[in-house]
Amino acid sequence: MNFERKGPPPKDFYLSDFFERKGSPSKCSLEVQLKARFLKAANDDGSHNRESSKWEVMEGDRVVIELTVKELTDNIELDYESIATPEFGRVLLEKIRSN
Numbered sequence: 001m002n003f004e005r006k007g008p009p010p011k012d013f014y015l016s017d018f019f020e021r022k023g024s025p026s027k028c029s030l031e032v033q034l035k036a037r038f039l040k041a042a043n044d045d046g047s048h049n050r051e052s053s054k055w056e057v058m059e060g061d062r063v064v065i066e067l068t069v070k071e072l073t074d075n076i077e078l079d080y081e082s083i084a085t086p087e088f089g090r091v092l093l094e095k096i097r098s099n
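Next up, the structure:
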């Protein structure tokens with residue numbers, strides 16, 4: 001599969017603010033294999049809900065971090081296409097591991 005990068009992660013994408021609000025994952029959590037997946041949310045009428053769509057970072061079957069698009073950026077319409085990419089997931093995991 002070939003994934004085309006839609007653009008860089010939003011400039012205001014800093015996990016340190018998120019960790020201050022929600023708490024940092026434990027050191028032992030970061031030593032195991034983490035994976036990230038993007039989940040698209042839907043409204044009651046079935047339409048796409050961009051702001052509630054989210055990244056989940058998982059340790060095995062356990063979700064250790066959830067980040068909605070709304071938590072990641074103030075400009076959902078502009079940044080959504082770059083947030084909902086495999087490249088963004090890789091950047092997210094790198095930032096979590098280095099935090």
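Quick note, in full-length UniProt numbering, the sequence shown goes up one by one and the last residue is 99.
All C-beta atoms, glycine included, are put in the ideal place defined by N, C-alpha and C.
Under the three-state DSSP convention, the category residue i falls into
i	result
residue 82	helix
residue 98	helix
Alpha-carbon to alpha-carbon, residue j and residue i
i	j	result
residue 43	residue 50	9 Å
residue 47	residue 77	15 Å
residue 73	residue 45	25 Å
residue 41	residue 62	19 Å
Buried/exposed call for residue i, threshold 16 Cβ in 10 Å
i	result
residue 54	buried
residue 67	buried
Neighbourhood of residue i by C-beta, 7 Å cutoff - its chain only, sequence neighbours within 5 removed
i	result
residue 80	50 and 69
Sequence-distant residues of the same chain with beta carbon closer than 6 Å to residue i, five excluded per side
i	result
residue 36	55, 57, 89, 92 and 93
residue 38	55 and 84
Own chain partners of residue i with C-beta closer than 8 Å, once the 5 adjacent residues on each side are dropped
i	result
residue 34	57, 58, 59, 64, 93, 96 and 97
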